[in-house]
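To start, the structure itself, in structure tokens.
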Amino acid sequence: MIAVRMSRWRLLAAAAGLVALAGADAHSGAAQAQARLEARYTARLAGIPLGKGTWLVDISGNQYIASASGATTGLVKVFTGGQGSGSARGAIVSGNLVPASYSVSVSTDKRTEEVQMTLGGGNVRDVVHTPEKKWPAKAVPLTEGHRRNVIDPMTASLVGVRGNGDTLLADACNRNLAVFDGTMRYDLDFAFKRMDSVKPKQGYVGPVVVCAVYFSPVAGHVPERAAIKYLTALRDMEVWLAPVAGTRVLAPFRFSVPTPLGLGVLEATDFIVAPLPSKASVTLQ
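Take the sequence shown: its letters are residues 16 to 300, numbered as in my numbering.
What follows is the structure in structure tokens.
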């Protein structure tokens, strides 16, 4: 879920990608025990189906692996078919998620774009774009400083909660993130809004914590672009966080963003958590 495109129907996808299905501070959480999350999501704009996606996350005692894939559906697919996938992996050190690699591939009828990124100690070591990335002349230049003390979008999708008690706390929302997706550096700020509840077709049923989401572009973007201005001005984006049972991790259940065409919603239809086998063999999609 992850490059910004400026056409109208993709505004929801752009916003969801920027938030990376996220609301996390990967450097402040504690992941305990082992579990596998298998979630399926649908995207709708003003009630009209936009796309579907899947998300797999394995959390073990010393590592995490995440993968996601999605595609447009319905009339959107007729006019402009598209699909994408992403993955990330890293170590869990003293309860902290430390990203090591991140990749994303987005394909349309006309072209495929890929990003491969390696990280270490919170800093980006290498980024490869295929085809080679050419930033617009009006884009805010990226510097080495923009690649330091950051997390990738997939790692940012996991919210670690300190302590030993309940994980569904208002404090899970009170954080900010420095995110780099290989193309753009941006900040995400979160604030507690309320508690709610969810009941998908399969999996977790119960309370969730709802966070407001605020987007601030830093570099790699063109400030004059309409979608950037729109997302920056939004004050009504929300992410709903549900617990990954057996861990001290929350994961996104729902993300919503107002658009000029109506409310855009990315929401889980299945949110299934199971114990992770002691020797997991995971294939990233």
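No residue lacks a Cβ here, since even glycine has one placed at the ideal position from N, Cα and C.
ALA248 and CYS226 closer than 8 Å at C-beta: Numbered from 1 along the sequence shown, position 233 holds the residue referred to as residue 248. Numbered from 1 along the sequence shown, position 211 holds the residue referred to as residue 226. No, the pair does not count as a contact, with Cβ atoms beyond the cut-off.
The region 100–107 in contact with the region 167–174 per 3-pair CB rule at 8 Å: yes
Alpha carbon of VAL233 to alpha carbon of ALA154, nearest angstrom: As a working mapping, residue 233 is identified with position 218 in the sequence shown. As a working mapping, residue 154 is identified with position 139 in the sequence shown. When rounded, the distance between both Cα atoms is 10 Å.
Sub-8 Å separation of VAL224 and SER212 beta-carbons: Counting from one through the sequence shown, the residue named residue 224 turns up at place 209. Counting from one through the sequence shown, the residue named residue 212 turns up at place 197. With respect to the 8 Å criterion, VAL224 and SER212 are not classified as neighbours on the basis of their beta carbons.
Counted within 10 angstroms of its Cβ, other Cβ atoms place MET199 as buried (16 or more) or exposed: Within the sequence shown, the letter at position 184 stands for residue 199. With 16 or more Cβ atoms within 10 Å of its Cβ, MET199 is classed as buried.
Short Cβ contact (8 Å threshold) for GLY261 with SER271: By one-based count along the sequence shown, residue 261 stands at place 246. By one-based count along the sequence shown, residue 271 stands at place 256. No Cβ-Cβ contact shorter than 8 Å links GLY261 with SER271.
SER100 versus THR57 - alpha carbon distance: Stepping through the sequence shown from its first residue, residue 100 is reached at position 85. Stepping through the sequence shown from its first residue, residue 57 is reached at position 42. Between SER100 and THR57, the C-alpha separation is close to 15 Å.
Nonlocal neighbours in the same chain, by C-beta distance under 6 Å from GLY137, ignoring five residues either side: The residue labelled residue 137 in the question sits at position 122 within the sequence shown. If you ignore the 5 residues before and after GLY137, its C-beta comes within less than 6 Å of the C-beta of ASN164, all in its own chain and listed in chain order.
Whole-angstrom C-beta distance between ALA83 and LEU291, which should lie under 8 Å: As a working note, residue 291 is residue 276 in the sequence shown. As a working note, residue 83 is residue 68 in the sequence shown. Not a contact, Cβ separation roughly 18 Å.
Nearest to THR182 (by Cα), restricted to the options LYS125, GLU282, ASP196, MET210: Translated into positions along the sequence shown, residue 182 becomes position 167. Among LYS125, GLU282, ASP196, MET210, the Cα nearest to that of THR182 is on MET210.
DSSP state of ARG55 mapped onto helix, strand, coil: Residue numbering aside, residue 55 sits at position 40 when the sequence shown is read from its first letter. In the structure shown, ARG55 sits in a strand (DSSP, three-state: E or B).
Reduced DSSP secondary structure (H/G/I, E/B, other) of ARG162: Taking the sequence shown and counting its residues from 1, the one referred to as residue 162 is at position 147. The answer is helix: DSSP assigns ARG162 an H, G or I state.
Distance, LEU157 Cα to GLY197 Cα: Translated into the one-based positions of the sequence shown, residue 197 becomes position 182. Translated into the one-based positions of the sequence shown, residue 157 becomes position 142. In a straight line, the C-alpha of GLY197 is about 10 Å away from that of LEU157.
Limits of the unbroken beta strand (DSSP E) element including TYR229: Counted from its first residue, the sequence shown places residue 229 at position 214. That run of the beta strand (DSSP E) goes 221–234.
Beta-carbon spacing of LEU276, ALA61 below 8 Å: Here residue 276 refers to the residue found at position 261 of the sequence shown. Here residue 61 refers to the residue found at position 46 of the sequence shown. Yes; because the gap between Cβ atoms is below 8 Å, this pair is in contact.
Rounded distance between the beta-carbons of VAL254 and PRO273, thought under 8 Å: As a working mapping, residue 273 is identified with position 258 in the sequence shown. As a working mapping, residue 254 is identified with position 239 in the sequence shown. Between VAL254 and PRO273 the Cβ distance is about 14 Å, and since that is not below 8 Å, they are no contact.
MET252 versus ARG269, THR69, ASP285, LYS149, residue with shortest Cα-Cα distance: As a position in the sequence shown, residue 252 is number 237, starting the count at 1. For the residues ARG269, THR69, ASP285, LYS149, the minimum Cα distance to MET252 belongs to ARG269.
Sub-8 Å separation of VAL174 and LEU281 beta-carbons: Stepping through the sequence shown from its first residue, residue 174 is reached at position 159. Stepping through the sequence shown from its first residue, residue 281 is reached at position 266. Cβ atoms of VAL174 and LEU281: not closer than 8 Å.
Alpha-carbon spacing of ASN179 relative to ALA185, whole angstroms: Taking the first residue of the sequence shown as position 1, residue 179 is located at position 164. Taking the first residue of the sequence shown as position 1, residue 185 is located at position 170. Their backbone Cα atoms lie some 15 Å apart in a straight line.
Cutoff 6 Å; reference SER116; Cβ partners in own chain excluding five residues on either side: Here residue 116 refers to the residue found at position 101 of the sequence shown. Residues of the same chain with a CB within less than 6 Å of the CB of SER116, apart from the 5 flanking positions on each side, are ARG104, THR133 in chain order.
Beta-carbon proximity check, VAL176 vs ALA193, cutoff 8 Å: Taking the sequence shown and counting its residues from 1, one reaches residue 176 at position 161. Taking the sequence shown and counting its residues from 1, one reaches residue 193 at position 178. No, these two residues do not count as a Cβ contact at 8 Å.
Expected contact under 8 Å - CB spacing of PHE286 and ALA81 to nearest Å: The residue labelled residue 286 in the question sits at position 271 within the sequence shown. The residue labelled residue 81 in the question sits at position 66 within the sequence shown. Not confirmed; about 15 Å, so no contact.
Selection from VAL113, ARG140, GLY66, GLY97 that minimises the alpha carbon distance to ASN77: Working through the sequence shown from its first residue, we reach residue 77 at position 62. Comparing Cα positions, the closest option is VAL113.
ASP124 burial status per 10 Å Cβ neighbour count (16 or more: buried): For the purposes of this step, residue 124 is taken as residue 109 along the sequence shown, with counting starting at 1. With fewer than 16 Cβ atoms within 10 Å of its Cβ, ASP124 is classed as exposed.
GLU239 to PHE230 span [Cα, whole Å]: Walking along the sequence shown from the start, residue 239 turns up at place 224. Walking along the sequence shown from the start, residue 230 turns up at place 215. About 16 Å.
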